[in-house]
Every structure is written in structure tokens, then in C-alpha cells.
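Asker: Supplied in C-alpha cells, the structure appears directly below.
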Amino acid sequence: MSIPAPLLDETSLVKLADTLGERADRLRKEVGRVIVGQDRVIDEILVALLAGGHVLLEGVPGLAKTLLINTLASCLSLDYGRIQFTPDLMPSDVTGSQIIAEDPATRTRRFTFRKGPVFVNVLLADEINRTPPKTQAALLEAMAESQVTAGGARHTLPRPFFVLATQNPIEQEGTYRLPEAQLDRFLLKVNIDYPSRDEEALIIRRTTGTTSSKATPVVSQPEILGLQRITRSLRVSNHILEYAARIARLTRPGAEGSPSWCAEHIAWGAGPRAGQALILAAKARALLRGSFAVTRADVRDVALPVLRHRIVPSFQAEAEGLSTDDLVARLIGEAPAFPITEDYDAATRRILRS
Numbered sequence: 001m002s003i004p005a006p007l008l009d010e011t012s013l014v015k016l017a018d019t020l021g022e023r024a025d026r027l028r029k030e031v032g033r034v035i036v037g038q039d040r041v042i043d044e045i046l047v048a049l050l051a052g053g054h055v056l057l058e059g060v061p062g063l064a065k066t067l068l069i070n071t072l073a074s075c076l077s078l079d080y081g082r083i084q085f086t087p088d089l090m091p092s093d094v095t096g097s098q099i100i101a102e103d104p105a106t107r108t109r110r111f112t113f114r115k116g117p118v119f120v121n122v123l124l125a126d127e128i129n130r131t132p133p134k135t136q137a138a139l140l141e142a143m144a145e146s147q148v149t150a151g152g153a154r155h156t157l158p159r160p161f162f163v164l165a166t167q168n169p170i171e172q173e174g175t176y177r178l179p180e181a182q183l184d185r186f187l188l189k190v191n192i193d194y195p196s197r198d199e200e201a202l203i204i205r206r207t208t209g210t211t212s213s214k215a216t217p218v219v220s221q222p223e224i225l226g227l228q229r230i231t232r233s234l235r236v237s238n239h240i241l242e243y244a245a246r247i248a249r250l251t252r253p254g255a256e257g258s259p260s261w262c263a264e265h266i267a268w269g270a271g272p273r274a275g276q277a278l279i280l281a282a283k284a285r286a287l288l289r290g291s292f293a294v295t296r297a298d299v300r301d302v303a304l305p306v307l308r309h310r311i312v313p314s315f316q317a318e319a320e321g322l323s324t325d326d327l328v329a330r331l332i333g334e335a336p337a338f339p340i341t342e343d344y345d346a347a348t349r350r351i352l353r354s
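Counted the way our numbering counts, the sequence shown spans residues 1 to 354.
Structure follows, in C-alpha cells:
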């Protein structure tokens, strides 16, 4: 278990923010020494890390999901742990359990808590949909509150605590679908696609030879905590907040202003946590591109990984071959057409006059 890192002072935070773009480039370069391609996936994982959220990675076998997470943990100087989820895994195998320990001096016995593999900075929950819901739920408290309750006592997880769960979209036998309540705990759902032809040739060349590359640390644990603090403290304009809220509300059939086609193609829309995730992820996206101003483009850039696991397509949508990505893309295309509120117009005029 790692020792909690001290927070950086204000001067260090400013310097850290100024060099964030450079550090992000160095991080991508270090990961690129081991992982070929997947730049979009890396950026989306970094967005979730800066925002203090968790990521659900979905991709077919052989796309280096585990290697990618392991490499990122090495670059971030964080403690890394892996749990291989299987049908016989118990909740105590994840969080830890109470055991009877004997004092060698007094020979007295008492219950003590033995920490489970969840007590790390970066946790790979590999093939999370292969374990029953009872064990899947063992992660809920850890993901939401960064703590584990056992025997009536609360045990705080190390900071930062970052869960990256993987699942295979093509195998359904022997799997347990994640319930919507747990899916909503993930800030982003990131889909990993097949590499391009040139990238696949490079992967084969790298992995069938005698040489191997290792990533080196780029960002320290205190710096990551500082970056998360900067992300939270970014100011967001009212019209950006309203824009994110409007996108989340558009996903709900029957909501005011929701397009008529939503009632036909969406069975269940995103909850309020979606709007929160849009803003937090947009803040992190702005920082990664070297800006302290969150724009509508930042919200649109993160909308797909934020919303794709928070809406449920209807039977009609599935019959027409429409995926959640298709529905989110259509919603994002229609959201900018909505008018901005009068309050924002009045505020804009005051700024222009000044």
C-alpha cells in the first residue's frame, strides 16, 4: 500500500498546470514505446484520471488492454494491482476480510482486517463481467467513496484511487451483465478498436523479436493529486453548464425539449450524474489541450464516452441496428441548435459593453 502523498502548494500547482501539455506529450511518448497506436484511448483514460473518475474499457481479446493499463501505471508512478474476475470470486477476495490474529506476546486473539487487492492506486478489474453481481457490487463503495467498510469499520483507500475495468463485448456465455447502477459509477466507457494495417504490422514486429521496451515514470503521485485538484477548481461558464445539462436531459424520453425520436429509440435516459461527468471530463479535456477555459467543443469531445453506457436503446433501435454511439452522435448533433438562455445573452452584452 502506498503512503498518502502530500498536497502541492499553490505555486507548485501553477507550475504544474503550465507544464501539463508537455507532460501529457511525454506520457503519450512513453506509453508509445510499449503500446502501438490507441492515442484516443490513452487521452480518454487521462481525462478520467484528471477528473478523478473510473473507466470501463471494452474491446475484443488481444488488443493489449491489460498491457496498456500496466504501462500507464508505470508512467504515473502509482501502485498497480490486478484482480482477475472469475465466477467463483467472492466479495472478500476484492475488498479484504476480517481474520483472527494472535498477539505473540500476550497470546490474546482479536479480529483484524486483512486488506484486499483493492488497496492500490490503479486497479485493473480484468473481465469484470465474468463475476456474479454480488462480487461486482463489492467495488461500488470503493469506486464511489474511495473506502471499504468491513466489520463495521471504514478503511480509506490510497489516493488517487483509479479503477480501470475491462470486458469482452463478443462473449456472452459465462458472463454477468453489469447493472445500470454500477455502469453509472464509471465516468467513461472507452471502446478499443482494432489497430490499422500499419499499426498491426508494427505490433507483430515488436512482439515477435528479442527486444522489449519499458516505460519510465513521467508524473509523480503528488503531481497527479495536484492535477486532480486543478481540474476540480476550473471555473465553468453558466452557458457551458447549461449546455451539459441540456445534453443529459435530451437523452430522456418525454423530457421537456427532448426530440420526438428519443421516445422511439431510447428506453431509458441518462441521470443527473451524466451532467456531472460531462463537466468534469470537459474540464480535464480542456487542461490536456493546454487551456483553462472549458468550451462547448470540450463537452462534445467527451460526450460519447460519458453517455454511451448511460442510455438504454429501445427494442426498435436495436431492430434498426442503431447503437448507443449512433444515438449519442445524433443527440450531440441536435443539441447546439437549441437557443441560449436570456440570462446568458444579458451577461454577454454586459461583458461586451465593459
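Positions of the beta carbon are idealized from the N, C-alpha and C atoms, including for glycine.
So for P132, helix, strand or coil by DSSP?
Answerer: The answer is coil: DSSP assigns P132 none of H, G, I, E or B.
Asker: In angstroms with no decimal places, state the Cα-to-Cα distance between A73 and V94.
Answerer: Their Cα atoms are separated by approximately 19 Å.
Asker: In chain order, what residues of the same chain lie with their CB nearer than 6 Å to the CB of N191, ignoring the 5 residues before and after it?
Answerer: If we look at N191 and ignore the five residues flanking it on each side, its Cβ neighbours are E58.
Asker: Helix, strand or coil for Y344 per DSSP?
Answerer: Because the pLDDT of Y344 is 42, which lies under 50, any placement of that residue in the model is unreliable, and the question is left without a value.
Asker: Kindly give me the distance between the Cβ atoms of S196 and G37, rounded to whole angstroms, as I take these residues to be in contact under 8 Å.
Answerer: With a Cβ gap of about 7 Å, S196 and G37 count as contacting.
Asker: Using the Cα positions of V356 and F111, report the straight-line distance between them to the nearest angstrom.
Answerer: Outside the shown range of the chain (1 to 354) lies residue 356, about which nothing can therefore be said.
Asker: What three-state label does DSSP hand S354 in the structure shown?
Answerer: Only weak support exists for where S354 lies, its pLDDT of 41 falling under 50; the coordinates are left without a value.
Asker: Figure out for me which residue from D79, V41, V47 has the closest Cα to the Cα of L63.
Answerer: Among D79, V41, V47, the Cα nearest to that of L63 is on V41.
Asker: Taking Cβ positions, are Y176 and N238 nearer each other than 7 Å?
Answerer: No.
Asker: Would you call the CB atoms of S260 and R252 closer than 7 Å?
Answerer: Contact: no.
Asker: Which partner residues does S97 have in the DSSP bridge list?
Answerer: S97 pairs with R114.
Asker: With a threshold of 16 other CB atoms inside 10 Å of the CB of R107, please say whether the residue is buried or exposed.
Answerer: R107 should be labelled exposed.
Asker: Rank T166, V122, L188 by C-alpha distance to the C-alpha of P158 and give the top, closest one.
Answerer: Here the closest residue by C-alpha is V122.
Asker: To the nearest angstrom, report how far apart A329 and H54 are at their CA atoms.
Answerer: When rounded, the distance between both Cα atoms is 22 Å.
Asker: If you follow the alpha helix (DSSP H) that Y176 is part of, which residue opens it and which one closes it?
Answerer: Segment: none, Y176 is in no alpha helix (DSSP H) and carries neither H nor E.
Asker: In three-state DSSP terms, what is P91?
Answerer: Correct three-state label for P91: coil.
Asker: Go ahead and label P104 buried or exposed: buried means 16 or more other beta carbons lie within 10 angstroms of its beta carbon, across all protein chains shown.
Answerer: Exposed, by the Cβ-count rule.
Asker: Roughly how far, in whole angstroms, is the beta-carbon of A393 from the beta-carbon of V302, given that I think they are within contact range, below 8 Å?
Answerer: A question about residue 393 goes unanswered here, because the residues of the chain that appear run from 1 up to 354.
Asker: Let me know the secondary structure DSSP gives V302 once reduced to three states.
Answerer: Helix.
Asker: So is Q84 buried or exposed if we call it buried at 16+ other beta carbons inside 10 Å?
Answerer: Answer is exposed; the Cβ neighbour count stays below 16.
Asker: Do you know offhand how far A248's Cα is from L76's?
Answerer: Spanning the two alpha carbons is a distance of roughly 32 Å.
Asker: Would a C-beta distance cut-off of 7 Å place V31 and D79 closer than the cut-off?
Answerer: No, the Cβ-Cβ distance between V31 and D79 is not below 7 Å.
Asker: Going by DSSP, what residue range makes up the alpha helix (DSSP H) through K189?
Answerer: Here K189 belongs to no alpha helix (DSSP H); instead the beta strand (DSSP E) covers 188 to 191.
Asker: Tell me whether E145 is buried or exposed, calling it buried when 16 or more other Cβ atoms sit within 10 Å of its Cβ.
Answerer: E145 should be labelled exposed.
Asker: Where does the unbroken beta strand (DSSP E) through G275 begin, and where does it stop?
Answerer: Element bounds for G275: not the beta strand (DSSP E) but the alpha helix (DSSP H), 272 to 288.
Asker: Going straight from the alpha carbon of R229 to that of G209, what length do you get?
Answerer: When rounded, the distance between both Cα atoms is 43 Å.
Asker: When DSSP labels each residue in this structure, what does Y243 get in the three-state scheme?
Answerer: Three-state DSSP puts Y243 in a helix.
Asker: What are the boundary residues of the alpha helix (DSSP H) that I266 is part of?
Answerer: Here I266 belongs to no alpha helix (DSSP H); instead the beta strand (DSSP E) covers 266 to 268.
Asker: Roughly how many whole angstroms lie between the Cα atoms of L307 and D25?
Answerer: Each residue's Cα considered, the two are about 27 Å apart.
Asker: Under 7 Å between the Cβ atoms of L50 and K189?
Answerer: Contact flag unset, no.
Asker: Where does T166 fall in DSSP's three states?
Answerer: Looking at T166 - three-state DSSP - the assignment turns out to be strand.
Asker: So, is P305 buried or exposed, given that buried needs 16 or more other C-beta atoms within 10 angstroms?
Answerer: P305 is buried by the Cβ-count criterion.
Asker: Contact defined as beta carbons within less than 8 Å: I believe D126 pairs with T71. What is the distance between those atoms, to the nearest angstrom?
Answerer: Wrong, their Cβ atoms sit about 15 Å apart, outside the cutoff.
Asker: Answer with buried or exposed for Q136, where buried requires no fewer than 16 other C-beta atoms within 10 angstroms of its C-beta.
Answerer: Answer is buried; the Cβ neighbour count reaches 16.
Asker: Using only alpha-carbon positions, find the residue among V218, Q221, V299 that is nearest to E242.
Answerer: Among V218, Q221, V299, the Cα nearest to that of E242 belongs to V299.
Asker: Run the CB neighbour count on E256, radius 10 Å, all protein chains shown included, and call it buried at 16 or more, exposed below.
Answerer: Classification of E256: exposed, given that the 10 Å Cβ count is below 16.
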